[in-house]
Ligand code: ATP
Ligand code: LTN
């Protein structure tokens, strides 16, 4: 609790180009929660280097992501939007929490298994302890809720376990965070293989809608989306491709799957797919325009980067100091 509001924390990596999955599963919910909570939204650039990055591309993407948070509707005066690497407490707390996390726990993480099979030539220790840095992100701000997509629930469960373990030894140091899953869009699947999640690191460009795709590209990708031979717009287990398109349409329009089934009753995919494409364009186009305007406003973004890093640092330091004292580090002599 801070100023009578619960604390919310979330973050996104600046790796690759953001997809519709990132927007519907994460960013869109962040905006809808931002009035109700005291919010911290981080561009988690320290997480990004668990996979090799080109330094100048990473810097550019991180800045773009920062602008995108604002373009999506997060006011940087009301929400603390900042780069993780600007607040050194994250890395410091992560070290301490590493000493309260078991190898066996980290070995069970499905994201680690996925990423280490994708990057077999670079299975570094950072990739392995990635969830501990994520736990540090969350616990530093005494976070109550963490809005994430379903793929991150396992990491959040681990964060809770680490926090409970620490509290059991040292008393009530950390708030135990709860996940927050949005209703629609919690897991948007690949347009080319609906058994896989839509991911910004997918090699097949047609599998993902990127937030910066132009309207023609978006329409084309939806027309080519893999569906099935049933030809009816039904929200059923056996039709994962169509289910995914219904989820996307639902998240963009606010209509329920039942309403969508009714709307397209007796109509084929030839009508449904372009309708989904148009619904997505109508959401992404304004976002792209706002982003382009913001990027021209360098001073505004720089100021937001500076002010918010200071604010985040202030709160993070408070928790870090407490933790350092609990584990037995000597106080600094000032
Ligand atoms: P990568 O493909 O590089 O692993 P990613 O696309 O999964 O990345 P992240 O930066 O790991 O993206 O995720 C940012 C946020 O977006 C997280 O809260 C995550 O749960 C959410 N998210 C990512 N992909 C999807 C998806 N397909 N559907 C719903 N939410 C998603
Ligand atoms: N691991 C997350 C990104 C992330 C995050 C966080 C999300 C890093 N730290 C803290 C929520 C809270 C991901 O890959 N999507």
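Numbering (my numbering), first residue to last: 99 to 432. Even for Gly, the Cβ is constructed at its ideal location relative to N, Cα and C.
At what residues does the beta strand (DSSP E) containing residue i begin and finish?
i	result
residue 277	276-278
residue 108	105-110
Between the alpha carbons of residue i and residue j, how many angstroms are there, rounded?
i	j	result
residue 200	residue 372	49 Å
residue 143	residue 361	43 Å
residue 312	residue 370	20 Å
residue 358	residue 247	23 Å
residue 178	residue 108	11 Å
residue 141	residue 180	6 Å
residue 317	residue 381	13 Å
residue 410	residue 211	32 Å
residue 401	residue 325	46 Å
residue 431	residue 191	20 Å
residue 348	residue 167	22 Å
residue 154	residue 110	18 Å
residue 339	residue 375	14 Å
residue 301	residue 204	26 Å
residue 278	residue 195	23 Å
residue 251	residue 232	12 Å
residue 273	residue 226	24 Å
residue 103	residue 242	10 Å
residue 123	residue 428	43 Å
residue 115	residue 297	9 Å
Would you identify the three-state DSSP class for residue i, choosing helix, strand or coil?
i	result
residue 132	coil
residue 121	helix
residue 264	helix
residue 100	strand
Need the endpoints of the alpha helix (DSSP H) that residue i sits in, please.
i	result
residue 167	153-169
residue 145	143-146
residue 208	208-216
residue 204	201-205
residue 360	355-361
Can you find a CB in chain D that lies within less than 8 Å of the CB of residue i?
i	result
residue 196	The chain labelled as chain D is not found in the depicted structure, where only one protein chain is given.
Kindly examine the ligand GTP and report whether one of its heavy atoms sits closer than 7 Å to the Cβ of residue i.
i	result
residue 224	Because the ligand GTP does not appear in the structure shown, any question about it cannot be addressed here, the ligands present being the ligand ATP and the ligand LTN.
Secondary structure, alpha helix (DSSP H): runs of 4+ residues fully inside the stretch 219-261: 223-238
Please specify which runs of the alpha helix (DSSP H), each continuous and at least 4 residues long, are wholly inside the stretch 267-339, giving them in chain order. 313-321
Taking the runs of the alpha helix (DSSP H) that are 4 residues or longer, which of them lie wholly in the stretch 366-432? 367-394 and 396-425
Could you tell me which whole beta strand (DSSP E) segments of length 3 or greater appear in the stretch 168-199? 178-181
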